[in-house]
Amino acid sequence: MGAVLSILIKTKTGRALVAALLLCALAALAWHQIRQGAFNEAEQDALQGTVKAEQQRKQDDAYLQGLEDYRLCLEYFGDARLRDTEECEQLRWVHKE
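Add 610 to a position in the sequence shown, counting from 1, and you land on the number used in the numbering used here.
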């Protein structure tokens, strides 16, 4: 291997070939680093999105936990028009024990 390399370096074509191989190796390394960086960035963006969604869910849960039964019924069914809001009236005077 060493003899072949020394012969390549002694000739002009050999030096050009070694330089081309070295350039290809550096380009492959740079491409890998760029690709890995893009992957890491995408992964970090996904994790940040997950954290934001979890924080929003916790805020929503805290808000809903603080509602009385009547308001909770209106929140779920009144806006969506899935039920008549008159059905929620039954809960208006129910107290938590």
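Even for Gly, the Cβ is constructed at its ideal location relative to N, Cα and C.
Since the model is a prediction, treat every value here as computed from it, not as a measurement.
Counted within 10 angstroms of its Cβ, other Cβ atoms place residue i as buried (16 or more) or exposed
| i | result |
| --- | --- |
| Cys634 | exposed |
Euclidean distance between Cα positions of residue i and residue j
| i | j | result |
| --- | --- | --- |
| Leu677 | Asp670 | 11 angstroms |
| Gly612 | Leu618 | 10 angstroms |
| Gly659 | Phe687 | 29 angstroms |
| Ala648 | Ala637 | 16 angstroms |
| Leu682 | Ala672 | 12 angstroms |
Span of the alpha helix (DSSP H), counted from its first residue to its last, around residue i
| i | result |
| --- | --- |
| Glu678 | From DSSP, Glu678 is part of no alpha helix (DSSP H); its letter is neither H nor E. |
Contact with chain B by residue i, beta-carbon distance below 8 angstroms
| i | result |
| --- | --- |
| Gln654 | In the structure shown, chain B does not exist; there is a single protein chain. |
heavy atom of the ligand SAM below 7 angstroms from residue i C-beta
| i | result |
| --- | --- |
| Ile617 | By its list of ligands, the structure shown contains no ligand whatsoever, and the ligand SAM lies outside what it can speak to. |
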